[in-house]
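Down below is the structure, laid out as structure tokens.
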Amino acid sequence: MAKQEEHNGILRNLDWWTIVIYIALLGLGWMSVCGATYEFGQDVSLVSFSSRSGMQIIWIGTSLLLGALLLSIDERVYESFSYLIYGAFLLLLLATPFLARNVKGSMSWIDLGPLRVQPAEFAKFGTALCVARAMSMFELHLNRIRDLFIAAAIVVVPMVLIVMQKETGSALVYLSFFLMFYREGMSGSFLFVGVAAIFYFVVGIRFANAPLLDLPEVSMGKWVVFTAIWLFTTCMTYVYTRHRAPFWWMLGLGVFFTVSALLFAEYVLPFDVCWVQAAICAVCIISLLYLSLRERLTTYFYIAIFALGSIGFHYSVNYVVNDIMGDHQSKRIYVLLGIVDDPRGAGYNVNQACIAIGSGGLQGKGFLNGTQTKLKYVPEQETDFIFCTVGEEEGFVGCTTVLLLFLALILRLIHVAERQVYRFGRIYGYCVLSVFFFHVLVNVGMVLGMAPVIGIPLPFFSYGGSSLWGFTILLFILLRIDASRKRMKRRT
Amino acid sequence: MKEKNNIHFERRKYVLGGVATLVILIYIARLFALQLMSEDYKKNADSNAFLKRIQFPARGAITDRNGKLLVYNQPAYDIMIVMNEAEGIDTLDLCQSLGITKEWFDKRMSEIRDRKRNPGFSKYTQQIFMSQLSAEDFSSFQEKLFRFPGFYIQRRSIRQYNDEHAAHILGDVGEVGPKEIEADDYYQSGDYIGTQGVERSYEKQLRGVKGSEILLRDANGRIKGKYQNGKFDEAPVPGKNLTLSIDIELQALGERLMKGKLGSIVAIEPSTGEVLCLVSSPTYDPRLMVGRQRGKNHRQLSNDPMKPLLNRAISGRYPPGSTFKTSQGLTFLQEGIITPTGTRYPCSRGFRLGSLTVGCHGHPAPLPLVPAIATSCNGYFCWGLYHMMSNRQKYPTVQDAMTTWKDYMVSMGFGYPLGIDLPGENRGMIPNADYYDKNYKGSWNGVTIISIAIGQGEVCLTPLQIANLGATIANRGYFYTPHVVKEIQGEPLDTLYTTKRYTKVSPQNYEYIVEGMRHAVTGGTCRAANTSMYEVCGKTGTAQNRGHDHSAFMGFAPKDKPKIAVAVYVENGGFGAVFGVPIGALIMEQYINGKLSPESEAKAKAFENRSINYGTSSR
């Protein structure tokens, strides 16, 4: 009786919006797998189990069953067993390289009878449960370095184990937990440092040999990086301290010298203006160090360290890419950044992906009518590059629909996470949405030629049981937690 | 503190939501640029996936006027190679099977790989390794083909000739050059095109229309079937067959008779303008122009000082000599300069006026037109032209007289290309008033130009134009533009070849010339052509030139309802009666009777073996 009532309560409180989006994405995903694996003139039915589209139906069906099963398990089970689950996954990940067989250099797949599973896909929910449990139980506050360190350790351990399986892409997904950390109080400066590092890396290498204005032998990359370091430093001074005088001085003098140097070099005597920007940075750093001593304020010290680190990072990146990396690796970076055009070699995948998507036009070529994907021009088209099939067959309309569905899912999950009364639920919710966001960000970015080629699946689209089950588990545990939030309220 | 913190951090959900929204919007913008702003990706995708394979139509066959097959298609075989499949084969075995050396093999392989010479190179697709293998060479290789993975056979058709005759008329086919590709976008590199003869002039009819298949090609260059089950494929339309007006037996006899001599024979059916034979000597075997040896043979022929590739019958220009007198008699009659029987001109072994003398042979004089033609009197026609040019009642100036004369000549088909359906026709030379004004600075008269009256001086005709003059006389005043193609399968002939062209001379005036030519055969210069079988009309020509005289003959038979008009021109053959007349007589007999009598056959044998020594200088 009570059980029945509880069951009804779960169904009534279930977030049906998420379910609708989930089902819609599964449907579109199945169509894409059909398109990507169908061969012209194929006489095998799309639903036959000898075809990949037929197999995908099995994965989708079992995922739905799995979802229903997860909804019927008491949410307290997840919470109390979270350490156990996490520990079990760590052991499994540790053992995987020894049990796995080599699939294209990756040691992450384990054969279970007729099935082949990738533990890394499932370890995500274990890690999410564990980090949520630990943070809520020990009241970790991530604006404290020590607490952040503990939380980060829970995330980094499985990441390292996955790197050992030579699955760098899957390992990088764990970085998405830092988005949750940010929400839970981690200083934004960590994310900012990450973004700044990517900026220095891309701009510094991409424009290393591009001239600034029409000044010969002035590297635009270097100039922009130094100018950015000065501007970042100046802005950080504004944001993190209450003192306004140092900010105005750094800004005013910096602008004055930057503009004067450019005008002088342009109209009077050309010279390497990068030195002026370097000098501005140096003056800022010295001033900040002096201020930190005079005002006894460590913030100035940290900002100075950021600026120094930025300069060091810029030089070491150039050194690493040009002098330490092998030709093969540095070429991949050059191709990625668009410095080298190499449609037959390293740039082949992305180039073919752009051709496939670009040829779709507004409405696409129609279901099963894509030529680029059928004829195998796009590699990994039913897994990592599945978005090409959407682009080719469903066109701009289809792609936009899919992207907006993903956006809707992420925004809905933010809403779901935020309405949790209990911190465990909120943290877990943010873990889930961060993982989804990271997958979409990197996968679609890669296919569109805007992000590096990192082999991670597009949730609900890429062919395969492991990833689909993994995402389903992540999502449905959250839905169960969310559905019982009112009961939890009563409990607290 | 903690609660306050959480409220402070809760705002971060907007940051995260905003970042997610921003990223998705950036991706949508990128998709917009990829899918809607540029057509390049679409084109790239099509050139990726679609392989348009051309299907070549069979080229039309060519038969002679009696339906005898002259030119047809024969399969030849190209050996193709797919580089990435051909790794690790036994090269020595392959070289032995194909009869090539290891060096040739290595050289060929590097040629194929060289993208500068072979821009379409791909490891995964078929490349031509050896082309145009004959059926025998191919069949012995085919048995061993299984030993050489990556090697394939591609069938294509090449021209094949039944016999060695009529090379100049049939012409040949060769690979298209860059100019032809530019001029007509039907052609693509590697296609064949007619380069000479009817192969060239009827290229559009013979070639047919190429078809195409749209195939799907995967990333490795493998063909995965037809696009939309061949919905957009086009079947090739085979080329049209041609029936030539040439009688190949006659052509063969002509070529036999001209052996060892330079010159040509042209025979025309007067009632239709159909060319019955068009011999240019020396000639060559058209079979040399086919297959793997084509380039070498072509080089050899074009370096020959006797110029066997030149079609003398339509491209050679020669002084017509006395054959031209017929056209003069017609002009003077029509212009009223002479009357058929009333006008007698003196001839005391030639035309003498002041210090000028144009010599002639001994014959009774003075004489009227008919015997003047029969005896080929130089004096008569020189006087005629002199009187025409100096007739100031009829023509205010000598220029006017000259212009009138030129118009007559042009109406008879001289001075411009006749328009035969073969490439390379020469226009010959008919001088006009301007020409003389320029060359003699305005001071000239009938005497200055007198030699044109007897087909010497500036006048030049092609053998075709001489034969056409014969046909015009046979028709008593008109001709059809000579042509070598009698029928095109399923298409009418160009109206140029079915429209009568009248000269400026009325038919009754032609009767006197016919009479003169008949007399020339029965009792004049052409006695050797006389026969009891039919009435032959003829006119000799002995054209002076820097070397030994050229021997010419123009005639037709029978006199009434003529079946054949013929012109013979033998360079340096001496008197017209020596080579021209007897060769012309044999040609007429062969065509009218369908065969030669035993005596004639013996005569033909004798001519076949008579050659003229031309030395070794370039002709």
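Residue numbers (our numbering), protein chains in the order written: chain A, -13 to 478; chain B, 1006 to 1624. For every residue, glycine included, the Cβ atom is placed at its ideal position computed from N, Cα and C.
Quick check on this structure: which residue in the options has the alpha carbon closest to the alpha carbon of residue i?
| i | options | result |
| --- | --- | --- |
| threonine 1409 (chain B) | B:Ile1435, B:Pro1373, B:Val1526 and B:Trp1109 | B:Ile1435 |
| valine 1280 (chain B) | B:Glu1520, B:Pro1563 and B:Leu1423 | B:Leu1423 |
| phenylalanine 373 (chain A) | A:Arg398, A:Leu399, A:Ile396 and A:Gly344 | A:Gly344 |
| methionine 206 (chain A) | A:Trp261, A:Leu158 and A:Arg169 | A:Trp261 |
| alanine 1609 (chain B) | B:Ser1052, B:Tyr1596, B:Leu1262 and B:Gly1482 | B:Leu1262 |
| glycine 1578 (chain B) | B:Glu1204, B:Lys1312, B:Gln1549 and B:Thr1344 | B:Gln1549 |
| alanine 1054 (chain B) | B:Ala1066, B:Lys1229 and B:Asn1089 | B:Lys1229 |
| alanine 1063 (chain B) | B:Arg1016, B:Ser1162 and B:Met1085 | B:Ser1162 |
| aspartate 1095 (chain B) | B:Lys1107, B:Val1087, B:Ile1084 and B:Met1085 | B:Lys1107 |
| leucine 1591 (chain B) | B:Met1042, B:Asp1190, B:Ile1158 and B:Ala1272 | B:Ala1272 |
| arginine 1160 (chain B) | B:Glu1148, B:Pro1183, B:Glu1116 and B:Tyr1082 | B:Tyr1082 |
| tryptophan 235 (chain A) | A:Leu249, A:Leu217 and A:Ala251 | A:Leu217 |
| isoleucine 44 (chain A) | A:Leu78, A:Phe422, A:Val259 and A:Leu454 | A:Leu454 |
| proline 1241 (chain B) | B:Ser1332, B:His1553, B:Ile1059 and B:Gly1521 | B:Ile1059 |
| isoleucine 1105 (chain B) | B:Leu1138, B:Gly1065, B:Phe1151 and B:Gly1418 | B:Leu1138 |
| methionine 436 (chain A) | B:Tyr1019, B:Val1020, B:Ile1029 and B:Arg1016 | B:Ile1029 |
In chain order, what residues of the same chain have a beta carbon less than 7 Å from the beta carbon of residue i, not counting five sequence neighbours either side?
| i | result |
| --- | --- |
| glutamine 349 (chain A) | Gly381 and Val383 |
| serine 1416 (chain B) | Thr1508 and Lys1509 |
| threonine 1200 (chain B) | Gly1176, Asp1177, Val1178 and Gly1179 |
| isoleucine 1518 (chain B) | Thr1331, Gly1334, Leu1335, Ile1378 and Ile1478 |
Would you tell me roughly how many angstroms separate the C-alpha atoms of residue i and residue j, rounded to the nearest one?
| i | j | result |
| --- | --- | --- |
| glutamate 366 (chain A) | lysine 110 (chain A) | 23 Å |
| valine 1669 (chain B) | serine 1145 (chain B) | In this structure chain B extends from 1006 to 1624, so residue 1669 (chain B) is not present and cannot be described. |
| proline 1587 (chain B) | lysine 1566 (chain B) | 22 Å |
| valine 6 (chain A) | proline 1154 (chain B) | 56 Å |
| glutamate 25 (chain A) | lysine 360 (chain A) | 6 Å |
| alanine 487 (chain A) | isoleucine 1031 (chain B) | Only positions -13 to 478 of chain A appear in this structure, which leaves residue 487 (chain A) out of reach. |
| glutamate 1141 (chain B) | leucine 1103 (chain B) | 11 Å |
| tryptophan 16 (chain A) | tyrosine 408 (chain A) | 36 Å |
| valine 433 (chain A) | cysteine 340 (chain A) | 7 Å |
| phenylalanine 242 (chain A) | leucine 294 (chain A) | 22 Å |
| phenylalanine 1014 (chain B) | alanine 268 (chain A) | 35 Å |
| methionine -13 (chain A) | serine 452 (chain A) | Model confidence at methionine -13 (chain A) stands at a pLDDT of 46, short of 50, so the residue's coordinates are unreliable; what they give is reported in the following sentence. Using only the alpha carbons, I get a separation of about 37 Å. |
| leucine 161 (chain A) | leucine 444 (chain A) | 17 Å |
What residues from chain A crowd round residue i, counting only those whose CB sits closer than 7 Å?
| i | result |
| --- | --- |
| alanine 1188 (chain B) | The premise fails here: alanine 1188 (chain B) is roughly 34 Å from chain A at the closest Cβ pair, so nothing lies under 7 Å. |
| tyrosine 1043 (chain B) | A small correction: the amino acid at residue 1043 (chain B) is serine; tyrosine does not occupy that position in the sequence shown. Simply Gly344. |
| lysine 1128 (chain B) | Here the premise fails: no neighbours, minimum Cβ distance about 11 Å. |
| asparagine 1053 (chain B) | Ile341, Gln358 and Tyr363 |
| lysine 970 (chain B) | Since the first residue shown for chain B is 1006 and the last is 1624, residue 970 (chain B) is missing from the structure and cannot be characterised. |
Excluding the 5 residues flanking residue i on each side, which residues of the same chain have their C-beta closer than 6 Å to its C-beta?
| i | result |
| --- | --- |
| alanine 81 (chain A) | none |
| threonine 479 (chain A) | Outside the shown range of chain A, which is -13 to 478, sits residue 479 (chain A), and nothing can be said about it. |
| arginine 102 (chain A) | Trp95 |
For residue i, go through chain B and note every residue whose CB falls closer than 8 Å to its CB, in chain order.
| i | result |
| --- | --- |
| phenylalanine 392 (chain A) | Ile1029 |
| glutamate 170 (chain A) | Phe1014 |
Could you tell me which chain A residues have their CB closer than 8 Å to the CB of residue i, listed as they occur along the chain?
| i | result |
| --- | --- |
| leucine 1039 (chain B) | Cys340, Ile343, Gly344, Gly377 and Leu434 |
| threonine 1026 (chain B) | Leu393 and Leu397 |
| glycine 1022 (chain B) | Ile396, Leu397 and Ile400 |
| arginine 1222 (chain B) | Leu361 |
Mind checking whether the beta-carbon of residue i lies closer than 7 Å to any heavy atom of the ligand COA?
| i | result |
| --- | --- |
| aspartate 1309 (chain B) | The ligand COA is not among the ligands present in this structure, which contains no ligands whatsoever. |
For a contact defined as C-beta to C-beta under 9 Å, what are the partners of residue i on chain A?
| i | result |
| --- | --- |
| isoleucine 1219 (chain B) | The contacting residues do not exist; isoleucine 1219 (chain B) stays about 11 Å from chain A at best. |
Given that residue i touches chain B, what residues does it touch there, using C-beta distances under 7 Å?
| i | result |
| --- | --- |
| cysteine 385 (chain A) | Leu1036 |
| leucine 165 (chain A) | Leu1021 |
Using the beta-carbon of each residue, which ones in chain B are nearer than 9 Å to residue i?
| i | result |
| --- | --- |
| phenylalanine 423 (chain A) | Leu1021, Val1024, Ala1025 and Val1028 |
Using C-beta distances below 8 Å, list every residue in its chain close to residue i, excluding the 5 sequence neighbours before and after it, in chain order.
| i | result |
| --- | --- |
| histidine 1524 (chain B) | Val1375, Pro1376, Ile1378 and Ala1379 |
For the region 425 to 438 of chain A, enumerate the residues whose C-beta is nearer than 9 Å to any C-beta of chain B, in chain order. Result list: Val426, Leu427, Val430, Gly431, Leu434, Gly435 and Met436.
Between the region 244 to 273 of chain A and chain B, which residues of the former have a C-beta closer than 8 Å to a C-beta of the latter? So the list is empty, because no residue satisfies the distance condition.
Anything in the region 133 to 163 of chain A with a Cβ closer than 7 Å to a Cβ of chain B? List those residues in chain order, please. Cβ contacts with chain B: none found.
Can you list, in chain order, the residues of the region 40 to 73 of chain A whose Cβ is nearer than 8 Å to any Cβ on chain B? Within the region 40 to 73 of chain A, no residue has a Cβ that lies closer than 8 Å to any Cβ of chain B.
Could you name the residues of the region 1087 to 1108 of chain B whose beta carbon sits closer than 8 Å to any beta carbon of chain D, in the order they occur along the chain? No chain D appears in the structure shown, which is made up of the protein chains A and B.
Name the residues in the region 277 to 311 of chain A whose C-beta lies less than 9 Å from a C-beta of chain B; which are they? From the region 277 to 311 of chain A, no residue has a Cβ closer than 9 Å to chain B.
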